[in-house]
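Worksheet for the structure shown next.
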Amino acid sequence: MTTDDLDFDLPSDLVAQHPAPERGASQLMVLRAGSGMPIDVGRFDGLFVDQLDPSDLVVANDARVLHARLRLTRPTGGAAEVLLLTPVGPGAAAGSSRWNAMARPARKLRDGMVATTQHGDESVTFVRRTSDQTWEVDLPVEADDVPVWLLAHGELPLPPYVHERGQDPNRYQTVHARAEGSVAAPTAGLHFDDSLWTRVRDRCDVVHLTLHVGAGTFLPVSDGALADHAMHHERYEVPPDVDEAIRAARSEGRRIVAIGTTSTRVLEHVYGSANQPLRGETDLFLVPGHEWACVGAMLTNFHLPKSTLIALVMSFLGEQSTREAYAEAIRRRMRFYSFGDAMFVHGPPEN
């Protein structure tokens with residue numbers, strides 16, 4: 010399978026530039042793995058709960074998006090921009106924390122350069138270049154204080170395909186977001202408000218794990234064979250009590266329902282192979298041919314062409330079925346990407 014197999018034509022006006030007026034007002038397409046013909050299409054908060062069985066265990070990602078975009082001023086007075094990716098760990102200067110970051114303008118940055126935040130009251134140090142566009146940077150604050158510092162000095166990193174600014178930042182956070190550290194939202198969870206989550210919990214059990222979405226989720230797949238693509242690493246954690254709930258549900262033959270591709274990756278990483286830790290990093294690339302071990306149904310948005318995410322959907326729904334479902338979504342003028350509509354897939358297909 011190659012990158013070209015993940016491509017499709019998408020009218021640009023179907024890329025959602027803002028969320029629906031209400032979280033549950035987005036559209037939901039319901040399908041069954043192995044078929045691209047929708048079972049139903051309708052308003053999200055009117056359809057989703059009906060897809061659940063009382064015995065289901067729903068698993069959602071509680072990652073919270075950091076205000077990880079920093080607009081800076083270089084010593085020359087020119088502008089610079091940083092997108093924090095992951096903390097580096099030990100090695101930062103005293104009283105600071107070190108992060109891997111994407112930075113621009115790459116050609117005008119230098120090792121040791123000190124830039125200031127927008128109001129000129131804080132300094133960020135470019136420690137060393139790690140690739141053409143990435144750096145290690147020191148923030149002038151201890152690691153535990155980074156989220157609060159970023160609220161004061163950073164911006165929410167909306168996806169690059171969202172061109173409308175002035176968005177309500179709360180609409181790019183799920184209502185159940187708790188664990189600070191993600192640079193992008195687990196967008197399948199954006200469709201739920203507190204009222205809908207109450208209805209879900211009245212129907213079946215719900216647990217939360219964490220996967221901190223990295224900027225790599227927006228990167229296109231390398232041209233050529235999918236087997237040659239280097240998947241980005243993302244940090245995850247499954248709390249011990251959630252692990253117990255998942256293992257109990259699996260042993261009882263109950264269905265695991267993953268809210269989003271992020272939850273899906275963690276579940277298949279931890280429970281698809283023996284002795285995977287409950288905390289660490291995953292670079293699992295889910296592609297057609299994957300033998301599904303844990304996830305029995307999945308909620309997800311409509312994704313970018315040539316992305317790792319559409320490869321994951323093809324793995325679960327089926328290659329041709331995904332193409333048919335996406336064509337039907339385009340025909341119905343459904344909205345795509347982070348602020349767009351969603352699909353719920355009953356499955357997975359038989360391996």
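The opening residue of the sequence shown carries number 10 in our numbering; numbering runs sequentially from there. Cβ atoms here follow ideal geometry from the backbone N, Cα and C, with glycine treated the same way.
- Judged by beta-carbon spacing, residue 281 lies beyond the 8 Å limit of residue 70, meaning their Cβ atoms are not closer than that value.
- In terms of Cβ geometry, residue 15 and residue 230 form a close pair [threshold 8 Å].
- Taking a 10 Å sphere around the C-beta of residue 28, we find 16 or more other C-beta atoms and assign the residue as buried.
- Counting the other Cβ atoms within 10 Å of the Cβ of residue 46 gives fewer than 16, which makes it exposed.
- With respect to the C-alpha of residue 177, the residue from 334, 31, 343 having the closest C-alpha is 31.
- Annotation: residue 303 to residue 68 spans about 11 Å, alpha carbon to alpha carbon.
- With respect to the C-alpha of residue 306, the residue from 218, 40, 136 having the closest C-alpha is 40.
- Residue 70 carries a strand assignment under DSSP once its states are collapsed to helix, strand and coil.
- When DSSP reads this structure, residue 134 sits in a beta bridge with 123, 147.
- Looking at the backbone, the Cα of residue 130 and that of residue 82 are separated by about 11 Å.
- When C-beta atoms of the stretch 193–211 are compared with those of the stretch 315–334, fewer than three pairs fall below 8 Å, so the two segments do not count as touching.
- Secondary structure at residue 255: helix, using DSSP grouped into helix, strand and coil.
- For residue 18, the closest of 352, 186, 332 by C-alpha to C-alpha distance is 332.
- Annotated three-state conformation of residue 284 is coil, per DSSP.
- Fully enclosed alpha helix (DSSP H) runs of no fewer than 4 residues occupy 53–56 of the stretch 35–79, in order along the chain.
- Cβ contact annotation for residue 296 (same chain, cutoff 7 Å, sequence separation greater than five): 10, 235, 320, 324, in chain order.
- Rounded to whole angstroms, residue 257 and residue 185 show a C-alpha spacing of 23 Å.
- Along the stretch 256–330, the alpha helix (DSSP H) occurs as fully enclosed runs of 4 or more residues at 269–281, 317–326, listed in sequence order.
- Around the beta carbon of residue 74, a 10 Å sphere encloses 16 or more other beta carbons of the protein chains shown; the residue is thus reported as buried.
- By the C-beta criterion, the stretch 96–107 is judged not to be in contact with the stretch 275–292, since fewer than 3 inter-stretch pairs fall below 8 Å.
- Between residue 89 and residue 63, the CB-CB gap reaches or exceeds 8 Å.
- Remark: C-beta atoms of residue 136 and residue 146 approach each other more closely than 8 Å.
- DSSP places residue 141 outside any beta strand (DSSP E), giving it a letter other than H or E.
- Residue 222 is a Cβ neighbour of residue 271, given a cutoff of 8 Å.
- Its chain contains no residue whose beta carbon lies nearer than 6 Å to that of residue 119 once the 5 sequence neighbours on both sides are disregarded.
- Boundaries for residue 231: no beta strand (DSSP E) harbours it, and the DSSP string shows neither H nor E there.
- Nearest C-alpha to residue 193 among 170, 239, 357, 141: 170.
- The shortest C-alpha to C-alpha distance from residue 351 to any of 49, 261, 277 is the one to 49.
- The straight-line gap separating the alpha-carbon atoms of residue 180 and residue 196 is approximately 10 Å.
- In the DSSP assignment, residue 92 falls within the beta strand (DSSP E) that extends over 88–96.
- Taking all protein chains in view, the Cβ of residue 162 is crowded by 16 or more other Cβ atoms within 10 Å, so the residue is classified as buried.
- Judged by DSSP in its simplified three-state form, residue 13 adopts helix.
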